[in-house]
Every structure is written in structure tokens, then in C-alpha cells.
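K.L.:
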Amino acid sequence: MTKVVDRSPLTFYERTYLPAILEGIKVTARHFARTVKGDNTAKDLSGGYYPETPWKVSEGYRGAPYLVRDQDGATKCVSCQLCEFVCPPKAIKITPPGPDGPGADRSNAEKMPREFEINMLRCIFCGLCQEVCPEEAIFLQRDYSLTGLSREEMVYNKEKLLRLGGVHAGVQKWKHKAEEAFAQETFPVKAG
Amino acid sequence: MSNAVTNAPAAPSPVEKIRVKVDGREIEVPKTMPDWQGKPQPTTMLQACKLAGVEVPHYCYHPKLPVAGNCRMCLVEFSTPMMDPATRKPVVNEDGSPKMARSVLPYEPQTPRGAIACATPISPGMEIHASSPATKQMREAVLESLLINHPLDCPICDQAGECKLQEYSVQHGQAASRFVEAKVHKPKAVDLGPRIMLDDERCVLCTRCIRFTRDIAGDDALGIVNRGSYNTIASAPGRSFDNNYTLNTVDLCPVGALTSKDFRFKMRVWFLKETPSVCTSCSTGCNITVGSREGVVHRYEPRENDAVNGPWMCDSGRLNYRWIQRPDRLDTVKLRGAPSDWAAATSAVVSLLRGAPKGSVAFVASARQTTEELWLVSRIARQLGALTDSVPREGEADRLLVSADKNPNSQGSRLTGVSFTEMGVTIPEIARGIEAGRIRTLVVLGEDVTKGGIDAALLARLENLVVADILPSPTSEAAHVLLPGCAHAEKRGTFVNGKGRVQRFQKAIEPRGEARAEWEWLQEVAVALGAVEPSRSIEGLFNRMAADVPALAGLEWARLGDQGVSVPV
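The listed protein sequences derive, respectively, from chains A and B.
If you're matching positions, the first sequence starts at 83 in this note's numbering and goes up one per residue.
If you're matching positions, the second sequence starts at 2 in this note's numbering and goes up one per residue.
1. Going straight from the alpha carbon of residue 5 of chain B to that of residue 244 of chain B, what length do you get?
2. Do you know how far the Cα of residue 368 of chain B is from the Cα of residue 332 of chain B?
3. What in chain A is Cβ-close to residue 271 of chain B, meaning under 8 Å?
4. Kindly list, in the order they appear in chain A, the residues whose Cβ is closer than 7 Å to that of residue 267 of chain B.
5. When Cβ atoms are compared, which residues of the region 139–163 of chain B fall closer than 7 Å to chain A?
6. List, in chain order, every chain A residue whose beta-carbon is nearer than 9 Å to that of residue 183 of chain B.
7. Quick check: is the beta carbon of residue 262 of chain B nearer than 8 Å to any beta carbon in chain D?
8. Under the three-state reduction of DSSP, which class applies to residue 103 of chain B: helix, strand or coil?
9. Any residues in the region 181–206 of chain B with a beta carbon nearer than 8 Å to a beta carbon of chain A? Which ones, in chain order?
10. Are at least three pairs of beta-carbons, each pair with one atom in the region 183–203 of chain B and one in the region 237–257 of chain B, less than 8 Å apart?
11. Please identify the residue among A/219, A/84, A/182, A/240 whose C-alpha is closest to the C-alpha of residue 152 of chain A.
12. Hey, residue 208 of chain A and residue 170 of chain A: beta-carbon distance below 8 Å or not?
13. Can you give the Cα-Cα distance for residue 186 of chain B and residue 267 of chain B, rounded to whole angstroms?
14. Does residue 193 of chain A get closer than 8 Å to chain B when you measure Cβ to Cβ?
15. Taking only runs that begin and end inside the region 183–214 of chain B, name each unbroken alpha helix (DSSP H) of 4 or more residues, in chain order.
16. Once the 5 residues before and after residue 457 of chain B are set aside, which same chain residues still bring their CB inside 7 Å of it?
17. Assuming residue 530 of chain B and residue 355 of chain B make a contact with CB atoms under 8 Å, what is their CB distance in whole Å?
18. Look at the alpha carbon of residue 218 of chain B and the alpha carbon of residue 357 of chain B, and state the distance between them as a whole number of angstroms.
19. Can you tell me where the alpha helix (DSSP H) holding residue 95 of chain A begins and where it ends?
20. Of all the residues that make up the region 143–162 of chain A, which are near chain B by a beta-carbon distance shorter than 8 Å?
21. Assign residue 163 of chain A to buried or exposed, taking buried as 16 or more other Cβ atoms, counted over all protein chains shown, within 10 Å of its Cβ.
22. Residue 169 of chain B by DSSP, collapsed to three states: which one?
23. Where do the N-terminal and C-terminal ends of the beta strand (DSSP E) with residue 428 of chain B fall, by residue?
24. Return helix, strand or coil for residue 564 of chain B, following the three-state DSSP convention.
25. Note down, in chain order, each residue of its chain lying with its Cβ closer than 6 Å to the Cβ of residue 441 of chain B, except the 5 sequence neighbours on either side.
26. Can you say whether residue 100 of chain A is buried or exposed, counting buried as having 16 or more other CB atoms within 10 angstroms of its CB?
27. State yes or no: is the beta carbon of residue 217 of chain A nearer than 8 Å to at least one beta carbon in chain B?
28. So for residue 236 of chain A, helix, strand or coil by DSSP?
29. For residue 118 of chain A and residue 159 of chain A, what's the separation of their Cα atoms in angstroms?
30. Using the beta-carbon count (16 or more within 10 Å), is residue 159 of chain B buried or exposed?
31. Assess contact between the region 169–188 of chain A and the region 241–248 of chain A, defined as three or more Cβ pairs (one per stretch) separated by less than 8 Å. Is contact present?
32. Report yes or no: do the region 211–226 of chain B and the region 161–175 of chain B share at least 3 C-beta pairs separated by less than 8 Å?
33. When we look at the beta-carbon of residue 152 of chain B and count the other beta-carbons within 10 Å, is it buried (16 or more) or exposed?
34. Helix, strand or coil for residue 147 of chain B per DSSP?
35. Hey, how far is the Cα of residue 81 of chain B from the Cα of residue 40 of chain B?
36. Thinking C-alpha only, which one of A/200, A/177, A/115, A/154 is nearest residue 255 of chain A?
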């Protein structure tokens with residue numbers, strides 16, 4: 083179906099631009115009045131104005147991805163690089179430990195990233211890194227407003243990501259593996 | 002070398018053919034096929050399936066190793082034509098087709114009995130049910146049993162991404178494990194030798210590594226110890242698994258049990274760009290795959306070529322790649338010590354060669370340069386009446402793959418006429434020429450001539466020293482014109498190995514800084530001197546060279562393929 087758009091020339095009154103200006107002043111005045119009265123939708127949502135009062139996000143909000151530690155304070159990431167592989171905007175860059183790199187926090191996990199960088203300017207908060215992670219080591223958390231004064235500052239390194247990420251208690255499979263192996267090594271000798 | 006070469010397809014002697022059916026499709030296969038040593042042996046079901054284009058999953062079977070038949074992954078259901086026990090005649094159906102008898106358990110005729118395809122010879126009229134429900138069930142059961150004690154630590158396993166256990170689990174495995182008991186824990190991160198790390202938990206006990214080191218490398222260093230589910234691979238007590246071919250066991254290992262210490266935790270394999278190339282460590286010219294990511298070479302792997310190296314390569318060649326990434330690589334063009342650019346440097350070389358009186362120029366071009374580059378050198382030298390040679394590089398050979406000649410392209414140097422059959426005989430003559438002041442310009446490609454017979458004092462006597470090299474050396478420091486060159490992984494070209502195999506290699510990574518492939522500026526110089534017609538690409542240059550060099554007559558870049566072509570040397 084064709085919609086015919088009215089293209090009739092502007093009247094003299096319209097060509098003075100006064101009606102458009104007046105319409106604009108009306109909108110501004112309406113918002114001004116509301117603000118003076120304290121009746122503002124944005125303010126209602128979070129009890130104040132952004133950015134002085136940050137927006138409160140709900141429980142399941144998925145903001146910036148950060149690395150987490152387990153309840154023993156060990157880095158959970160084992161540098162499998164699946165998140166780096168899956169990351170659609172290529173925001174993640176992992177430097178694997180290599181043959182002579184530092185050992186992992188949990189010795190039987192053998193491996194831990196030497197460096198883990200997320201370029202938050204590239205990150206689109208899609209959550210694929212969290213979804214693909216076999217170790218539950220990276221989670222989209224509740225930070226949504228990431229600011230910095232330079233591009234370099236917006237590349238978060240491993241230390242910063244771990245600090246921001248905090249602790250995520252999990253099943254601790256590596257710890258259980260180590261315990262199970264230890265039990266088998268010491269069997270059947272029982273102390274005492 | 003024995004195995005690598007004899008494993009080439011057997012001479013086309015008339016081999017009797019037999020007809021078998023694979024998944025209902027009838028095909029004709031030879032009655033015998035070469036085994037791992039190249040000797041004719043009865044064709045197995047697995048080989049017949051492969052000829053029919055049907056993949057039978059397997060762990061322990063490897064075409065270049067003796068058959069062990071211990072992983073059971075290749076179990077297949079099959080039928081044979083039924084025989085009448087009394088008359089010894091085939092039983093036929095009403096329509097005249099032979100009646101088939103499925104293989105079943107003797108005491109339980111309802112249950113199909115599989116046979117391992119890798120070690121069961123075919124017989125006339127046999128039908129292999131490579132994808133029947135019973136075969137699938139057998140595969141699933143075998144895989145489930147192999148996974149019982151597997152640690153499932155793929156996130157920290159270097160094999161992840163090229164692991165047969167992962168691949169077959171996707172194809173034939175189950176989503177969840179039914180095993181509820183505690184897994185048997187075995188030693189992890191065992192130091193098996195200077196280059197090998199062993200993880201016993203991941204091992205499926207296929208014994209490929211044991212058979213390789215015993216039968217191919219000739220070093221019976223590995224074996225299986227302990228019983229039952231505590232079976233582990235181990236080296237003989239007090240011995241280290243340290244022969245020069247240990248890293249082949251890492252390629253052979255279908256799972257992540259044997260991993261390379263050099264490649265350990267360096268990069269996940271799915272990030273690696275694989276480029277077909279040729280090893281440069283000796284004149285054997287083993288075919289390799291260069292694994293690189295973002296301009297960094299992470300590993301070499303052998304690439305199968307039965308005419309050269311089979312599927313193997315030596316450890317020393319495999320680990321000889323770190324120099325490509327050395328931080329002190331030459332990466333700036335220098336003219337009389339000052340940074341310059343390519344246009345200025347090339348025209349400087351052209352003008353000093355053009356103005357040189359006949360006999361006042363000499364070339365030392367390394368036999369590590371590509372054949373194309375050596376040919377350009379020889380053409381320029383012919384134009385100028387200059388002496389040319391390469392520097393010989395001798396070492397120790399072994400009985401398998403390592404050659405005594407450590408130059409990858411000695412034959413290329415000989416075929417293009419840069420050096421004589423006895424390499425290095427002209428170098429003393431060049432040295433005498435410099436001493437006498439006859440030779441005033443020396444062009445050196447990829448060699449430190451101070452170690453090759455022309456010492457620093459002689460170099461100081463030269464009016465012009467043009468050096469193209471990759472790494473700094475006393476020669477490059479003395480250069481008047483310094484042209485940064487490319488490693489083989491940074492350019493394209495061909496090498497001719499010791500036996501006359503012309504093999505091409507591709508570019509894996511970008512050259513460092515201002516470095517450029519040597520053939521590019523050599524060609525500019527040669528064209529300016531009127532020694533050759535210009536070619537726009539390495540393909541054109543190779544074809545032009547092949548038309549000029551008698552030994553390479555009739556060759557074309559496109560015809561070389563990834564396996565190379567043999568020429569008489």
C-alpha cells in the first residue's frame with residue numbers, strides 16, 4: 083500500500099519558524115516545571131539523578147565481565163582461552179603461562195593465565211565468555227558504567243579483573259580431585 | 002630413512018583384487034597392501050573401509066606402525082558368505098545371490114560379534130557393516146570404557162582441539178557419564194624425558210609411543226608397568242626418554258598423555274594458523290607445518306610426505322624455530338652505517354655493481370637461501386663475471402632422518418651454479434682475490450663469512466660489502482650496505498633437498514620491520530643489470546628459473562604441490 087505524504091509548501095506563518103520554536107519552548111517549559119516540582123521519572127527509578135545517584139540494577143543484571151576467585155582465594159581461570167576464542171568483539175586477550183610460566187594457585191590445576199586482559203571499550207557485555215567458561219571463572223557482574231581517561235586505562239588486566247570480580251563459591255572440582263587422588267595414594271595405610 | 006622411504010606406495014606390480022562390500026556398497030580392493038614397513042600384507046578391513054571412503058575410528062592403529070589391536074575402537078560388525086559344511090559350496094538365496102552369515106557370538110547367536118578392523122584381513126565376498134547399529138553400539142561401549150578413568154581436564158590439556166578422544170566423544174560418545182565410583186588417579190605431569198611430559202591419567206594405553214620408539218626410532222625406552230586400571234606408561238628404570246625423535250610420540254599420542262615441554266601451555270591449538278613449509282635444519286628437508294598466531298611461530302609439526310620424511314621429523318629440527326623471533330633480528334636498511342630505505346639501498350647496489358670492472362665482484366650466497374634467490378645471484382654473477390660460492394655446513398648424520406649436510410638447499414646452490422659440487426672450494430680463491438685487491442666488492446647473503454674463510458681483516462680491505470642477513474654477525478656489522486632479510490617462514494620459495502626433491506614452502510608470518518624477502522631486491526638488481534626479465538611473483542620467478550636451469554627443466558611452481566617433485570642431482 084502506498085502512503086501519500088503531504089508535500090504541500092509551507093505557509094507564510096510556518097516559514098517564519100515561530101510555531102516550531104514555540105512548540106520547543108513548550109516542551110522545555112513542561113520539563114522545567116516538572117523538575118522544579120520534583121516529579122521526574124528518571125529520578126523516581128533510582129531515588130536521585132544519575133550520575134550522582136547511580137542507577138540501581140536488578141539481581142540478574144549482566145554488566146561487565148570480571149574474573150573471580152574461589153572460596154580459598156585461588157584464581158579459578160586455567161587459561162583455556164575458550165572465552166578469547168568465543169568473544170565476538172575480540173575484547174579478551176589471554177597470555178598463556180607457557181612452559182616456564184608461573185604455576186597455578188591450585189597446584190593440580192597446573193595452569194593459570196600469565197596475563198588476562200579485557201578491553202572494556204570493545205566488550206559488548208554479551209555474556210558468551212561466562213557461558214563458555216568450563217571453570218566458572220568469569221562472570222558478568224553488575225558494573226555497567228565503566229569510565230577512564232585513556233584507552234589504555236580501559237584495558238583491564240588480570241589483577242584488576244580479579245579485584246573487581248571478588249569471590250564466587252563453587253564446586254571446587256580441582257580441590258576434590260586432589261583430595262581424591264591423595265586418598266588413593268595413602269590407601270590402605272591408615273595413620274594411627 | 003628405511004621406513005620413511007620404503008613406505009612409499011609399492012611398485013605397481015599386478016596385485017590380485019577382491020570384491021568386498023562396505024556399508025552395502027561393493028568395491029574392489031587389492032588382496033594385499035603395504036604394511037608399516039612397506040611389505041605386502043593381506044588387506045585389512047580398516048584399509049578396505051578407507052579405500053571405500055568410510056572412516057573407522059581408531060586409537061592404536063597407525064599406518065606407519067606395527068598393528069597392536071589393543072584399543073578396540075575400530076570394532077566393526079561383518080558378514081561372510083555362508084558355506085555349506087557338507088559340500089563346502091556357497092549357500093545361495095532364491096535369487097541366486099550368496100547367503101550371508103553375520104558374525105555372531107558362538108554361544109549367543111543373537112549377539113553380533115565384532116572384529117577389530119585394523120587387524121582382521123578381508124576375504125572375498127565379505128561385507129563390512131561399518132555403520133550398522135551393532136557397530137555403533139560397540140563403539141559407544143568402547144569409548145565409554147576408555148573414558149571411565151579419564152580425568153576430563155580438557156581445559157588444561159594441550160591436546161584439546163586435536164584430541165581423538167574429544168573428536169570421537171562428539172561423534173560416538175554420550176553426553177553424561179554413567180560412572181559413579183571414584184576415578185583411578187594416576188601420576189600427572191611426569192617428567193619422561195627432556196622434551197616430553199607424561200600425564201598418565203589421560204593415557205588410553207594405545208602403545209603407539211612404545212611401538213614408535215622401539216620400531217622406528219630404535220630406542221626401546223618405553224613400556225607399560227603396573228596392572229589393570231593402574232597400567233601406566235613408563236620409561237625403563239634409570240633411563241630418560243631422550244632420543245632425537247621423542248617429540249614424534251607427542252604427534253602420535255591420540256590423547257593428551259604425551260605433550261611437548263616446549264609447546265606446553267604456550268598456545269591453544271585452535272588459534273594456530275597452519276602453513277605448509279619445509280624444515281631448514283638439514284638437507285633432508287622434512288616437510289613441516291608451521292603453527293603461528295599473530296606473527297609468532299609457536300611450533301613446527303611434521304607434515305606427511307612419504308618421499309621425504311614419512312610422518313616423522315627429528316626433535317632438533319622441530320625445536321629449531323626460536324631464532325625467527327630473536328629480539329636482535331636485523332630489521333633496518335643501512336647504508337654506510339646510517340639508516341636508509343630500500344629504494345636508496347637497491348639503487349646503491351645497482352650502481353656499484355654496474356660500475357664494477359669485470360672480476361672485481363664476488364658473491365657468497367648461503368645454501369640457506371631459496372633456489373630462486375640463488376638463481377638470481379648466479380644470473381647477476383654471470384653478467385658481472387663474478388665468483389660465487391656457498392659455505393658448507395657439516396654435522397653428524399643419523400640412520401633415520403638427520404643428514405650430515407646442515408644446509409637446507411645445498412643442491413639448489415649446486416643446480417643454479419652458485420657453488421660447485423664440492424661446496425666452498427671457491428671461497429679461498431675469493432679470499433685471495435680480496436687479499437690481492439682484485440676483488441673490491443663482496444655481496445654476502447645469509448652467511449657470517451668471518452666463520453667461513455674470509456676474516457674481518459679481509460672484509461676491512463673491501464671497497465663495498467653488501468650484506469643481506471637475518472641475524473647480526475661480524476659480517477653484518479662490517480657491511481657498507483645492510484639489507485635485512487627474511488626467515489623461510491616469512492617468505493615463499495623452494496628448497497632442493499639432498500636427494501633432489503624440489504619442495505616449496507609458504508609464508509607463515511610477516512617479516513620484521515623493514516625486512517624484505519631477498520628475492521625481491523635481488524630481482525630488482527638483476528633486472529636493472531639486464532640479467533633477467535622481471536617476474537611479478539614468486540610463481541613467475543620460479544617458472545623463469547625452471548626454464549633456465551637444465552636440472553629443473555619442465556617444472557612449474559603450480560606442479561610442485563605440497564609434496565614436491567624429484568629432480569636428478
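Idealized CB from N, CA, C, for every residue including glycine.
P.N.:
Considering the structure as presented:
1. To locate residue 5 of chain B, count along the second sequence from 1; it is residue 4. To locate residue 244 of chain B, count along the second sequence from 1; it is residue 243. In this prediction, residue 5 of chain B has a pLDDT of 42, which is less than 50 and means its spatial position is unreliable; nothing more can be read from the coordinates.
2. Residue mapping note: residue 332 of chain B aligns to position 331 of the second sequence, counting from 1. Residue mapping note: residue 368 of chain B aligns to position 367 of the second sequence, counting from 1. Residue 332 of chain B and residue 368 of chain B: Cα-Cα distance of roughly 22 Å.
3. Locating residue 271 of chain B in the second sequence gives position 270, counting from the first residue. Result: 167.
4. The residue given as residue 267 of chain B occupies position 266 in the second sequence. The answer, in chain order, is 178, 180, 181.
5. 156, 157
6. Taking the first residue of the second sequence as 1, we reach residue 183 of chain B at position 182. Chain A residues near residue 183 of chain B: 262, 265, 266.
7. Looking at the structure shown, chain D is missing, and the protein chains on hand are A and B.
8. For the purposes of this step, residue 103 of chain B is taken as residue 102 along the second sequence, with counting starting at 1. Residue state, collapsed to three classes: strand.
9. 183, 184, 185, 186, 189, 190
10. yes
11. Taking the first sequence and counting its residues from 1, the one referred to as residue 152 of chain A is at position 70. It is A/219.
12. Here the question's residue 208 of chain A lines up with position 126 in the first sequence. Here the question's residue 170 of chain A lines up with position 88 in the first sequence. It is a contact, given that the beta carbons lie within the stated cut-off.
13. Mapped onto the second sequence, residue 186 of chain B falls at position 185. Mapped onto the second sequence, residue 267 of chain B falls at position 266. If you take the alpha carbons of residue 186 of chain B and residue 267 of chain B, they lie about 26 Å apart.
14. The residue labelled residue 193 of chain A in the question sits at position 111 within the first sequence. Yes, its Cβ sits closer than 8 Å to a Cβ of chain B.
15. 209–212
16. For the purposes of this step, residue 457 of chain B is taken as residue 456 along the second sequence, with counting starting at 1. If we look at residue 457 of chain B and ignore the five residues flanking it on each side, its Cβ neighbours are 451, 475, 479.
17. Position 529 of the second sequence, counted from the start, is the residue given in the question as residue 530 of chain B. Position 354 of the second sequence, counted from the start, is the residue given in the question as residue 355 of chain B. Going by Cβ atoms, the distance from residue 530 of chain B to residue 355 of chain B rounds to 6 Å, so yes, they are a contact pair.
18. By 1-based counting over the second sequence, the position of residue 218 of chain B is 217. By 1-based counting over the second sequence, the position of residue 357 of chain B is 356. Straight-line Cα distance between these residues: approximately 54 Å.
19. As a first step, residue 95 of chain A is located in the first sequence; it is residue number 13 there, counting from the start. Note, residue 95 of chain A: alpha helix (DSSP H), 94–97.
20. 160, 161, 162
21. Start at 1 with the first residue of the first sequence, and residue 163 of chain A comes out as number 81. The residue in question, residue 163 of chain A, is buried, as its Cβ has 16 or more Cβ neighbours within 10 Å.
22. Taking the first residue of the second sequence as position 1, residue 169 of chain B is located at position 168. Residue 169 of chain B falls in the helix class under three-state DSSP.
23. Residue numbering aside, residue 428 of chain B sits at position 427 when the second sequence is read from its first letter. Unbroken run through residue 428 of chain B is the alpha helix (DSSP H), 428–437; no beta strand (DSSP E).
24. Numbered from its first residue, the second sequence carries residue 564 of chain B at position 563. Here residue 564 of chain B sits in coil by DSSP.
25. For this step, residue 441 of chain B is matched to residue 440 along the second sequence. For residue 441 of chain B, where only same-chain residues beyond five positions count, the Cβ hits under 6 Å are 361, 464.
26. Mapped onto the first sequence, residue 100 of chain A falls at position 18. Under this definition residue 100 of chain A is an exposed residue.
27. Translated into the one-based positions of the first sequence, residue 217 of chain A becomes position 135. Yes, its Cβ sits closer than 8 Å to a Cβ of chain B.
28. In the first sequence, residue 236 of chain A corresponds to position 154, counting from 1. Three-state DSSP puts residue 236 of chain A in a helix.
29. Residue numbering aside, residue 118 of chain A sits at position 36 when the first sequence is read from its first letter. Residue numbering aside, residue 159 of chain A sits at position 77 when the first sequence is read from its first letter. Approximately 51 Å, taken between the alpha carbons.
30. Locating residue 159 of chain B in the second sequence gives position 158, counting from the first residue. Classification for residue 159 of chain B: buried.
31. no
32. no
33. In the second sequence, the residue the question calls residue 152 of chain B occupies position 151. So residue 152 of chain B counts as buried.
34. Start at 1 with the first residue of the second sequence, and residue 147 of chain B comes out as number 146. Helix, per DSSP.
35. To locate residue 81 of chain B, count along the second sequence from 1; it is residue 80. To locate residue 40 of chain B, count along the second sequence from 1; it is residue 39. So the two alpha carbons sit approximately 26 Å from each other.
36. On the first sequence, position 173 is the one that residue 255 of chain A refers to. When only C-alpha atoms are compared, the closest one is A/154.
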